[in-house]
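Chemist: Residue numbers (my numbering): 1026 to 1446. Mind having a look at this structure? Questions to follow.
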Amino acid sequence: MDKFVIEGGRRLCGRVKVSGAKNGSLALMPATILAPGTYHLANTPNLRDVWTMSRLITCLGAFCELNDNELFIDSRELNSYEAPYEHVKNMRASFYVLGPLLARFGKARVSLPGGCAWGPRPVDLHIKGMERLGAEITLENGYVVASARNGKLTGARINLEISSVGATGNILMAATLAKGRTLISNAATEPEITALARFLMKMGAKIDGIGTAILEIEGVDELHPADEITIPDRIEAATFLIAAAATGGNIELDDCNPYHLTSVIAILEEAGCVLDVNSNSISLEATAIKPVDITTAIYPGIPTDIQPQWTALMTKANGNAKVADPIYKDRFKHIPELVRLGANIDVIEHTAFVRGGEALSGATVMSSDLRAGAAMVIAALMAEGTSEVLRIYHIDRGYEEFEKKLTGIGANIKRVKTDLI
Ligand code: UD1
1026 MDKFVIEGGR RLCGRVKVSG AKNGSLALMP ATILAPGTYH LANTPNLRDV WTMSRLITCL
1086 GAFCELNDNE LFIDSRELNS YEAPYEHVKN MRASFYVLGP LLARFGKARV SLPGGCAWGP
1146 RPVDLHIKGM ERLGAEITLE NGYVVASARN GKLTGARINL EISSVGATGN ILMAATLAKG
1206 RTLISNAATE PEITALARFL MKMGAKIDGI GTAILEIEGV DELHPADEIT IPDRIEAATF
1266 LIAAAATGGN IELDDCNPYH LTSVIAILEE AGCVLDVNSN SISLEATAIK PVDITTAIYP
1326 GIPTDIQPQW TALMTKANGN AKVADPIYKD RFKHIPELVR LGANIDVIEH TAFVRGGEAL
1386 SGATVMSSDL RAGAAMVIAA LMAEGTSEVL RIYHIDRGYE EFEKKLTGIG ANIKRVKTDL
1446 I
């Protein structure tokens, strides 16, 4: 097991290259199940979650190889429609294979994902969507067992009660090969879904309304392989901007898409940072941090995936801030760890109340999930003295070369083996 040892108190200054989006890759990869053939997915981040998805697709019979951020997938021999528990349990995005398997084979057997660190994360909308497309679904021994009537899905009108990223992606992929037209209303408009829709179009799918909350899909008989470049990781970009703001730093992010970050840029400006935004780069110069209340929302609102990092930043503000996360109401496992570093935060009715201006001091803390881990690193970078961040396997799921990138802009952070878990 690894941990980070971080010496706090250094300003982060310099340039950082943003990697390909984890959630972008995790949406593109299952789409390769839909059409047998070979695919090159460029700008794929080298991350644990990408390896998990590669292992899952490999266990279905495909070949996956990731070299220098180029992912090669050969799905010609993919012949299994069963996604076993061992590959689904650690990563909810594995459930993305349900739609493509059903569409390609007319049947699928996919393990139900488990809960996650911040509470239950149901997949009812994915299942309802498949049922609307004509799949018969039973739950057997922890598996979702699905089969399309007469072996083929049928287009349908599907309203998503909640604008779910995963359900939109799953249903969208399934609908590309369904008979007839599918309308998904209240569809997610997150950039990773828009990118998936564009990739499916390259593969021969017929989709209207891309980037809007109503997707109209005209099913086709077959799709063909295509190549794609994964979009930049907006959450990684936001994490580095927040880390720079938290350390009084001055950084420039390259290879990002500022258009995907408008809400984050706005709240950083509100917090007093000076930002210069260009077509694919953003620079940030920190000043004294002002308190900014946030409430997470679906895109283009403030992403839930930056909530823990923002909470860490607000401990430095010269006033009090409220942080509410209605997307994941119980996503506050990082608060007790921030408190161990000296933060003054209460969670009342799903909202964190941060009293800013308390100086943090080094301590041993734990990552409870990926973004909570990033928040711990940011807090440790702000804290006086040495901190240890445990359970960094969570961070390795979603940040490519995190400590290397941070070291490159002046952080004192080392990866060390530990027996502590
Ligand atoms: C995706 C992202 C994750 C991000 C989240 C919200 C990937 C791989 N993961 O997760 O990083 O935090 O979007 O932006 O892209 N819900 C249901 N029933 C369902 C599905 C979802 O009630 O069947 C609820 C969830 O509990 C949550 C909300 O809908 O409250 C949004 O979740 P969703 O957009 O589905 O998140 P994921 O796709 O799992």
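Quick reminder that beta carbons are idealized off the backbone N, C-alpha and C, glycines included. Keep in mind the model is a prediction, meaning the values are calculated, not measured.
Please confirm whether any heavy atom of ligand 1 lies closer than 6 Å to the CB of residue 1419.
Modeler: The residue labelled residue 1419 in the question sits at position 394 within the sequence shown. Incorrect: residue 1419 has no Cβ contact closer than 6 Å to ligand 1.
Chemist: Mind checking who residue 1355 pairs with in its DSSP beta bridge?
Modeler: Position 330 of the sequence shown, counted from the start, is the residue given in the question as residue 1355. Partner(s): none; residue 1355 has no beta bridge.
Chemist: Considering only residues of the same chain and omitting the five flanking positions on each side of residue 989, which have a CB-CB separation below 8 Å?
Modeler: Absent from the structure is residue 989, since the part of the chain shown begins at 1026 and ends at 1446.
Chemist: Please report the distance separating the alpha-carbon of residue 1436 from that of residue 1033.
Modeler: If you number the sequence shown from 1, residue 1436 lands on position 411. If you number the sequence shown from 1, residue 1033 lands on position 8. Their backbone Cα atoms lie some 8 Å apart in a straight line.
Chemist: What residue range does the alpha helix (DSSP H) around residue 1421 cover?
Modeler: Taking the sequence shown and counting its residues from 1, the one referred to as residue 1421 is at position 396. Unbroken alpha helix (DSSP H) run through residue 1421: 1418 to 1421.
Chemist: With DSSP as the reference, label residue 1113 as helix, strand or coil.
Modeler: Along the sequence shown, read from residue 1 onward, the residue named residue 1113 stands at position 88. In this structure, residue 1113 counts as helix in the three-state DSSP scheme.
Chemist: Please tell me whether residue 1453 and residue 1404 are closer than 7 Å, where the distance is taken between their beta carbons.
Modeler: Residue 1453 cannot be examined here, being either before or after the span of the chain that is shown, 1026 to 1446.
Chemist: In or out: residue 1164 buried (at least 16 other Cβ within 10 Å) or exposed?
Modeler: Taking the first residue of the sequence shown as 1, we reach residue 1164 at position 139. Exposed, since its Cβ has fewer than 16 Cβ neighbours within 10 Å.
Chemist: How do the region 1101 to 1108 and the region 1127 to 1140 stand: do at least 3 beta-carbon pairs fall below 8 Å, yes or no?
Modeler: Contact between the region 1101 to 1108 and the region 1127 to 1140 is present, because at least three Cβ pairs lie under 8 Å.
Chemist: Cβ of residue 1203 within 6 Å of any heavy atom in ligand 1?
Modeler: The count along the sequence shown starts at 1 and reaches residue 1203 at position 178. Not so, every heavy atom of ligand 1 lies at least 6 Å from the Cβ.
Chemist: Going by DSSP, what residue range makes up the alpha helix (DSSP H) through residue 1165?
Modeler: Taking the sequence shown and counting its residues from 1, the one referred to as residue 1165 is at position 140. No alpha helix (DSSP H) holds residue 1165; the beta strand (DSSP E) holding it covers 1160 to 1165.
Chemist: Under 6 Å from any heavy atom of ligand 1, does the C-beta of residue 1249 make it?
Modeler: To locate residue 1249, count along the sequence shown from 1; it is residue 224. It does not: the Cβ of residue 1249 is nowhere closer than 6 Å to a heavy atom of ligand 1.
Chemist: Am I right that residue 1158 and residue 1200 are in contact with their C-beta atoms under 8 Å? What's the rounded C-beta distance?
Modeler: For the purposes of this step, residue 1158 is taken as residue 133 along the sequence shown, with counting starting at 1. For the purposes of this step, residue 1200 is taken as residue 175 along the sequence shown, with counting starting at 1. Yes, they are in contact, since the Cβ atoms of residue 1158 and residue 1200 sit about 6 Å apart, within 8 Å.
Chemist: Which same chain residues end up closer than 7 Å to residue 1302 when comparing Cβ atoms and leaving out the 5 residues on each side of it in sequence?
Modeler: Along the sequence shown, read from residue 1 onward, the residue named residue 1302 stands at position 277. Around residue 1302: 1283, 1290.
Chemist: What is the rounded straight-line gap between the Cα of residue 1138 and the Cα of residue 1313?
Modeler: Indexing the sequence shown from 1 puts residue 1138 at position 113. Indexing the sequence shown from 1 puts residue 1313 at position 288. Rounded to the nearest angstrom, the two C-alpha atoms are 43 Å apart.
Chemist: For residue 1326, which residues from the same chain have a beta carbon less than 6 Å from its beta carbon, with the 5 sequence-adjacent residues on both sides left out?
Modeler: Against the sequence shown, residue 1326 aligns to sequence position 301. Here the set comprises 1288.
Chemist: Figure out for me which residue from 1213, 1445, 1041, 1395 has the closest Cα to the Cα of residue 1333.
Modeler: One-based indexing of the sequence shown puts residue 1333 at position 308. Among 1213, 1445, 1041, 1395, the Cα nearest to that of residue 1333 is on 1395.
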